[in-house]
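**Q** For the sequence shown, the working numbering begins at 9 and goes up steadily by one. Every residue, glycine too, gets a C-beta built ideally from N, C-alpha and C. Quick one: the structure is below, and I'll ask about it shortly.
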Amino acid sequence: MRRTLLPYLWPIIIGVLLAIVLINAFPERLGRLSPQPPPAIIEPQPPGATNANAQTEESPQRPAPDIKEAEPLDRQEGPVSYSEAVERAAPAVVNIYSSRVIERDTHPLMSDPFFRQFFGNDAPSRQRMLSSLGSGVIISHDGYVLTNHHVISGADEIQVALRDGRETLAQVIGTDPESDLAVLKIDLEDLPVIELTDSRQVAVGDVSLAIGNPFGVGQTVTMGIISATGRSHLGLNAYEDFIQTDAAINPGNSGGALINPEGALVGINTAIFSRSGGSQGIGFAIPANLARNILEQLVAHGRVIRGWLGIEAQELNQELATSFGLKVPAGVIIAGVISGGPADQAGLEPGDVLLEVDGSAVIDPRRTMSDIAAVDPGTTLNVTVARNGKPQRVELVVGERPTPSSQETQQPEAE
Numbered sequence: 009m010r011r012t013l014l015p016y017l018w019p020i021i022i023g024v025l026l027a028i029v030l031i032n033a034f035p036e037r038l039g040r041l042s043p044q045p046p047p048a049i050i051e052p053q054p055p056g057a058t059n060a061n062a063q064t065e066e067s068p069q070r071p072a073p074d075i076k077e078a079e080p081l082d083r084q085e086g087p088v089s090y091s092e093a094v095e096r097a098a099p100a101v102v103n104i105y106s107s108r109v110i111e112r113d114t115h116p117l118m119s120d121p122f123f124r125q126f127f128g129n130d131a132p133s134r135q136r137m138l139s140s141l142g143s144g145v146i147i148s149h150d151g152y153v154l155t156n157h158h159v160i161s162g163a164d165e166i167q168v169a170l171r172d173g174r175e176t177l178a179q180v181i182g183t184d185p186e187s188d189l190a191v192l193k194i195d196l197e198d199l200p201v202i203e204l205t206d207s208r209q210v211a212v213g214d215v216s217l218a219i220g221n222p223f224g225v226g227q228t229v230t231m232g233i234i235s236a237t238g239r240s241h242l243g244l245n246a247y248e249d250f251i252q253t254d255a256a257i258n259p260g261n262s263g264g265a266l267i268n269p270e271g272a273l274v275g276i277n278t279a280i281f282s283r284s285g286g287s288q289g290i291g292f293a294i295p296a297n298l299a300r301n302i303l304e305q306l307v308a309h310g311r312v313i314r315g316w317l318g319i320e321a322q323e324l325n326q327e328l329a330t331s332f333g334l335k336v337p338a339g340v341i342i343a344g345v346i347s348g349g350p351a352d353q354a355g356l357e358p359g360d361v362l363l364e365v366d367g368s369a370v371i372d373p374r375r376t377m378s379d380i381a382a383v384d385p386g387t388t389l390n391v392t393v394a395r396n397g398k399p400q401r402v403e404l405v406v407g408e409r410p411t412p413s414s415q416e417t418q419q420p421e422a423e
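Written out as structure tokens, the structure is:
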């Protein structure tokens with residue numbers, strides 16, 4: 009009997025188990041509700057307290073955040089044209105043509121010492137005129153013109169052409185290779201003059217216009233903005249405090265004017281950063297304040313008078329600081345001392361670490377050199393140096409920086 013019922017029980021058991029699985033998997037189809045969570049236990053709240061659960065279930069009652077709304081963009085705020093600024097400044101921007109005479113052999117073989125020995129000093133040669141072009145800015149009614157040193161370096165004759173068509177020869181009043189500035193003098197009447205602005209007020213984002221004579225095509229105006237101020241460590245000049253602009257500056261713009269939208273001089277265009285020789289949106293100008301200072305000194309003294317210690321400085325890193333017995337890389341290393349200079353007379357030695365100058369910490373060699381250059385020669389300075397890891401205070405008298413003779417060659421337009 010048991011053997012006969014056993015084949016019928018297995019399908020019944022399997023059907024019941026399958027029904028239980030289906031009921032648990034799809035309870036809503038059988039009218040069965042899902043299990044509900046147990047009721048929440050509400051604890052008594054102190055007077056004035058709020059229920060956190062009630063805040064999450066109900067919409068929050070918070071004030072809207074205080075958003076600062078920007079003013080609608082006024083597209084009529086800026087000038088539609090900068091023609092007034094250009095008309096105010098452009099007549100004072102001049103084209104400069106400098107030329108020099110060079111000796112050239114009549115035949116390429118004359119440069120060979122083997123053939124030259126047959127002629128000696130009587131070798132035939134001829135003169136050739138080498139010309140270059142640039143720009144300049146008329147600063148005063150007296151006829152003083154600011155330009156770059158590398159524009160007129162080594163020139164035997166300098167010709168200045170005004171926008172109104174007048175041309176004249178220029179006299180060199182003085183040059184300063186270390187700032188790449190030069191002052192010329194022209195003798196004409198009714199000269200247009202540009203106004204100088206305070207370059208300390210120049211801000212990044214200001215509109216700027218560059219006026220010059222690029223590639224000799226004639227006076228040209230380009231527009232951009234001030235990209236940066238206080239640019240240094242570019243390796244262009246000994247004293248660098250450039251204004252950077254993306255106004256197109258090309259070869260021939262050197263010595264030209266960088267002006268603001270009101271036509272005032274912001275700086276003297278000096279150099280471009282380029283891999284192709286053309287403008288790539290990185291140009292540099294000497295600030296108007298520095299140009300004014302150089303102008304006044306060149307006119308008054310024929311040279312720029314700067315303070316000088318007579319040392320060669322080198323930046324200090326952590327490895328060098330450790331070797332000199334310093335815990336932190338503060339100061340600069342005195343790599344060399346000029347014989348007979350102020351530092352030599354005060355007893356400073358190569359290997360000393362310059363820590364302070366007149367109470368100010370020394371961090372950057374170029375910045376320190378610029379600060380010392382601003383000190384009048386003859387001024388007594390207290391400097392602090394580290395020798396063998398021990399600080400020492402030294403008193404020295406600032407001398408006058410000699411004019412370099414090795415920098416009298418023409419500097420490249422592009423870096």
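So, I233 versus G264, is the Cβ gap smaller than 8 Å?
**A** By one-based count along the sequence shown, residue 233 stands at place 225. By one-based count along the sequence shown, residue 264 stands at place 256. No.
**Q** On the premise that R108 lies in contact with G162, defined as a C-beta separation below 8 Å, what is that separation, rounded to the nearest angstrom?
**A** To locate residue 162, count along the sequence shown from 1; it is residue 154. To locate residue 108, count along the sequence shown from 1; it is residue 100. Sure, about 5 Å apart at Cβ, within 8 Å.
**Q** Look at the Cβ atom of P350, then the Cβ atom of V406, and state whether they are nearer than 8 Å.
**A** Taking the first residue of the sequence shown as position 1, residue 350 is located at position 342. Taking the first residue of the sequence shown as position 1, residue 406 is located at position 398. Their beta carbons are under 8 Å apart, which means P350 touches V406 by this criterion.
**Q** Does the separation of the CB atoms of T253 and D188 fall below 8 Å?
**A** In the sequence shown, residue 253 corresponds to position 245, counting from 1. In the sequence shown, residue 188 corresponds to position 180, counting from 1. Not closer than 8 Å, so no.
**Q** Given that a residue counts as buried once 16 or more other Cβ atoms are within 10 Å of its Cβ, and exposed if not, what is W18?
**A** As a first step, residue 18 must be located in the sequence shown, where it is residue number 10. With fewer than 16 Cβ atoms within 10 Å of its Cβ, W18 is classed as exposed.
**Q** DSSP state of I371, grouped into three classes?
**A** In the sequence shown, counting from the first residue as 1, residue 371 sits at position 363. Per DSSP, reduced to three states, the secondary structure at I371 is coil, with no helix or strand assignment.
**Q** What are the residues that DSSP puts in a beta bridge with R401?
**A** Numbered from its first residue, the sequence shown carries residue 401 at position 393. Bridge partners of R401: T392.
**Q** Tell me, to the nearest whole angstrom, how far the beta carbon of T155 is from that of S140; I am working on the premise that it is less than 8 Å.
**A** Residue numbering aside, residue 155 sits at position 147 when the sequence shown is read from its first letter. Residue numbering aside, residue 140 sits at position 132 when the sequence shown is read from its first letter. T155 to S140, Cβ: 12 Å. No contact.
**Q** Alpha carbon to alpha carbon, how far is I341 from R395? Give it in angstroms, no decimals.
**A** One-based indexing of the sequence shown puts residue 395 at position 387. One-based indexing of the sequence shown puts residue 341 at position 333. Approximately 10 Å, taken between the alpha carbons.
**Q** For G243, which residues does DSSP report across the bridge?
**A** Position 235 of the sequence shown, counted from the start, is the residue given in the question as residue 243. According to DSSP, G243 bridges with nothing at all.
**Q** Tell me, which residues are paired with E175 by DSSP?
**A** Looking up residue 175 in the sequence shown gives position 167. In DSSP, E175 forms a bridge with A169.
**Q** Straight-line CA distance for V145 to L363?
**A** Here residue 145 refers to the residue found at position 137 of the sequence shown. Here residue 363 refers to the residue found at position 355 of the sequence shown. Each residue's alpha carbon lies about 41 Å from the other.
**Q** Looking at the structure shown, is T411 part of a helix, part of a strand, or coil, going by DSSP?
**A** On the sequence shown, position 403 is the one that residue 411 refers to. Here T411 sits in coil by DSSP.
**Q** In terms of alpha-carbon separation, which member of T392, A343 and R409 lies closest to L324?
**A** The count along the sequence shown starts at 1 and reaches residue 324 at position 316. Measuring from the Cα of L324, the nearest candidate turns out to be A343.
**Q** Any idea what DSSP makes of V406, helix, strand or coil?
**A** Along the sequence shown, one-based indexing puts residue 406 at 398. Three-state DSSP puts V406 in coil, outside helix and strand.
**Q** Can you tell me which of the three DSSP states Q252 falls into?
**A** For the purposes of this step, residue 252 is taken as residue 244 along the sequence shown, with counting starting at 1. Strand at Q252.
**Q** Would you say I267 and A381 are within 8 Å of each other, going by their C-beta atoms?
**A** Taking the sequence shown and counting its residues from 1, the one referred to as residue 267 is at position 259. Taking the sequence shown and counting its residues from 1, the one referred to as residue 381 is at position 373. Not a contact, by the Cβ cut-off of 8 Å.
**Q** Mind checking A236: buried by the 16 CB within 10 Å criterion, or exposed?
**A** As a position in the sequence shown, residue 236 is number 228, starting the count at 1. It counts as exposed.
**Q** Could you check the C-alpha separation between V393 and I290 for me, to the nearest Å?
**A** Within the sequence shown, numbered from 1, the residue matching residue 393 stands at position 385. Within the sequence shown, numbered from 1, the residue matching residue 290 stands at position 282. In a straight line, the C-alpha of V393 is about 39 Å away from that of I290.
**Q** So, with DSSP's three-state summary, where would you put N103?
**A** Locating residue 103 in the sequence shown gives position 95, where the first residue counts as 1. Three-state result, N103: strand.
**Q** Mind reading off the beta-carbon distance from V307 to Y152? Whole number of angstroms is fine, and I expect it under 8 Å.
**A** Position 299 of the sequence shown, counting from 1, holds the residue named residue 307. Position 144 of the sequence shown, counting from 1, holds the residue named residue 152. Correct: roughly 7 Å between the Cβ atoms.
**Q** What does DSSP give as the partner residues of L204 in its beta bridges?
**A** The sequence position of residue 204 within the sequence shown is 196, counting from 1. In the DSSP output, where bridge partners are listed per residue, L204 has L273.
**Q** Tell whether a beta-carbon distance below 8 Å holds between R300 and R409.
**A** For the purposes of this step, residue 300 is identified with residue 292 of the sequence shown, where counting begins at 1. For the purposes of this step, residue 409 is identified with residue 401 of the sequence shown, where counting begins at 1. No, the Cβ-Cβ distance between R300 and R409 is not below 8 Å.
**Q** Closest to V88 by C-alpha separation, out of G339, P269, D249 and N103, would be which residue?
**A** Looking up residue 88 in the sequence shown gives position 80. Checking every option, the nearest Cα to that of V88 belongs to P269.
**Q** Given a cut-off of 8 Å, decide if A218 and A255 are closer than it, judged by their beta-carbon atoms.
**A** Your numbering for residue 255 matches position 247 in the sequence shown. Your numbering for residue 218 matches position 210 in the sequence shown. Cβ atoms of A255 and A218: closer than 8 Å.
**Q** To which residues does DSSP link S143 through a beta bridge?
**A** Here residue 143 corresponds to residue number 135 of the sequence shown, with the count starting at 1. Looking at the DSSP assignment, S143 forms a beta bridge with N103.
**Q** With DSSP as the reference, identify every bridge partner of Q322, one or two as the case may be.
**A** Locating residue 322 in the sequence shown gives position 314, where the first residue counts as 1. In DSSP, Q322 forms a bridge with I341.
**Q** Which two residues bound the contiguous alpha helix (DSSP H) that contains A354?
**A** Position 346 of the sequence shown, counted from the start, is the residue given in the question as residue 354. No alpha helix (DSSP H) holds A354; DSSP gives it neither H nor E.
**Q** With DSSP run on the structure shown, which of helix, strand or coil describes L154?
**A** In the sequence shown, the residue the question calls residue 154 occupies position 146. In this structure, L154 counts as strand in the three-state DSSP scheme.
**Q** Any Cβ of chain D within less than 8 Å of the Cβ of Q288?
**A** This model lacks chain D altogether; it includes just one protein chain.
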